[in-house]
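Undergrad: In the working numbering, the protein residues as written are 4 to 308.
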């Protein structure tokens with residue numbers, strides 16, 4: 004049996020079962036009595052059974068009709084729930100958004116955007132993965148996150164990169180370091196006489212420093228290589244070295260014993276942008292989150308001074 008019944012058909016049968024009157028059911032369905040009668044007859048023909056017993060005084064459900072009504076009401080409830088779920092998703096009353104971000108962005112930018120988004124759309128579930136650019140690309144590609152905020156363009160056919168802002172590097176040193184006496188911005192190459200603290204080469208922070216100096220024919224050889232910004236800050240604060248860091252990373256340092264020095268013009272800059280999958284469907288919640296992130300990164304360039 005292959006019946007082709009619409010929700011209107013189901014609602015009409017339910018209305019007739021509740022009113023037991025073709026006249027009242029026709030009014031509820033905004034149909035004429037003859038049109039309703041023809042609709043009920045068509046439904047009965049499709050299901051292969053009489054659903055109603057008609058007399059001059061009443062309309063009663065048959066045994067088959069009672070079974071049909073039970074399932075018809077369930078189908079109508081399921082349809083209403085589905086429509087409400089779609090509406091809730093479109094209106095951002097529910098749903099989920101997952102974001103991957105560089106640790107510095109995950110600590111500085113994303114929490115502020117998440118807080119603003121949650122205040123507007125409390126029913127949407129949010130998740131954040133702080134990771135380096137390479138793993139972030141895989142998370143986007145595998146559909147485990149809706150987008151990633153990174154410092155690198157993946158240049159891969161299945162991924163799209165949109166630069167949103169630029170992260171400028173500055174020099175971080177102890178407050179009593181000799182470089183503090185300079186009244187002018189410092190050239191990165193002129194700081195190599197001092198011990199440096201940096202991150203491993205897998206981190207974009209280190210890659211941009213290396214590339215800047217390599218272009219000048221210089222090799223960067225920090226005395227300490229550590230994974231975490233807080234550790235860099237502690238080592239620098241203790242006078243064990245200086246560090247060239249982007250402003251988003253510097254924003255994570257809280258020590259009062261640190262000083263910030265601008266690098267000379269044409270210093271080191273790190274582009275920051277958003278990575279998404281090409282031609283992939285995107286939820287309303289993820290689209291709204293992407294727009295909020297773009298506005299935050301373009302309007303507030305993450306400067307710390």
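Beta carbons: idealized from backbone N, C-alpha and C, even for Gly.
Where does residue 199 fall in DSSP's three states?
TA: In this structure, residue 199 counts as strand in the three-state DSSP scheme.
Undergrad: Helix, strand or coil for residue 100? Go by DSSP, reduced to three states.
TA: The answer is strand: DSSP assigns residue 100 an E or B state.
Undergrad: Excluding the five sequence neighbours on either side, which residues of its own chain have a C-beta within less than 7 Å of the C-beta of residue 274, listed in chain order?
TA: Within the same chain, residue 274 has close Cβ partners 154, 166 and 169.
Undergrad: What is the C-beta distance between residue 127 and residue 99, in whole angstroms, given that I count them as a contact (C-beta under 8 Å)?
TA: The pair is a contact, with the Cβ atoms about 6 Å apart (cut-off 8 Å).
Undergrad: Measure from the alpha carbon of residue 46 to the alpha carbon of each residue in 224, 14 and 226, then state which is nearest.
TA: Nearest of 224, 14 and 226 to residue 46, Cα basis: 14.
Undergrad: What residues in its chain sit with their C-beta under 7 Å from that of residue 2, if we drop five residues either side in the sequence?
TA: The structure shown does not extend to residue 2, since the chain spans only 4 to 308, so no value can be given for it.
Undergrad: Here's the rule: buried if 16 or more other CB atoms are within 10 angstroms of the residue's CB, otherwise exposed. What is residue 203?
TA: So residue 203 ends up on the exposed side.
Undergrad: Taking the runs of the alpha helix (DSSP H) that are 4 residues or longer, which of them lie wholly in the segment 232–281?
TA: 232–240 and 250–253, all fully within the segment 232–281.
Undergrad: For residue 250, which option in 150, 175 and 53 has the closest C-alpha, if you only look at C-alpha atoms?
TA: Comparing Cα positions, the closest option is 175.
Undergrad: Could you give the DSSP three-state label for residue 194: helix, strand or coil?
TA: Helix, per DSSP.
Undergrad: When DSSP labels each residue in this structure, what does residue 204 get in the three-state scheme?
TA: Here residue 204 sits in coil by DSSP.
Undergrad: Could you check the C-alpha separation between residue 230 and residue 193 for me, to the nearest Å?
TA: Roughly 25 Å separates the two Cα atoms.
Undergrad: Take the Cβ of residue 9 as the centre, count every other Cβ of all protein chains shown within 10 Å, and call the residue buried at 16 or more, exposed below.
TA: Classification of residue 9: exposed, given that the 10 Å Cβ count is below 16.
Undergrad: With a threshold of 6 Å on Cβ separation, who are the neighbours of residue 117 within its own chain once the five nearest residues in sequence on each side are excluded?
TA: Excluding sequence neighbours, residue 117 sits near 129.
Undergrad: Below 7 Å between beta carbons: does that hold for residue 139 and residue 122?
TA: In this structure, residue 122 does not lie closer than 7 Å to residue 139 by Cβ.
Undergrad: Per the DSSP calculation, residue 128 is bridged to which residue(s)?
TA: Answer by DSSP bridge pairing, in chain order: 99.
Undergrad: At a cut of 8 Å, does the segment 262–269 reach the segment 185–192 through at least three beta carbon pairs?
TA: With the cut-off at 8 Å, the segment 262–269 and the segment 185–192 touch.
Undergrad: State the DSSP-derived secondary structure class of residue 291, mapped to helix, strand or coil.
TA: Helix at residue 291.
Undergrad: Applying the 10 Å Cβ sphere with the 16-neighbour rule, what's the burial state of residue 276?
TA: So residue 276 ends up on the buried side.
Undergrad: Is there contact between the segment 65–82 and the segment 104–112, where contact requires at least three CB pairs shorter than 8 Å?
TA: Because the criterion of three Cβ pairs below 8 Å is not met, the segment 65–82 and the segment 104–112 do not touch.
Undergrad: Can you tell me the Cα-Cα spacing of residue 234 and residue 205, whole angstroms?
TA: The straight-line gap from Cα to Cα measures roughly 17 Å.
Undergrad: State the DSSP-derived secondary structure class of residue 209, mapped to helix, strand or coil.
TA: Correct three-state label for residue 209: helix.
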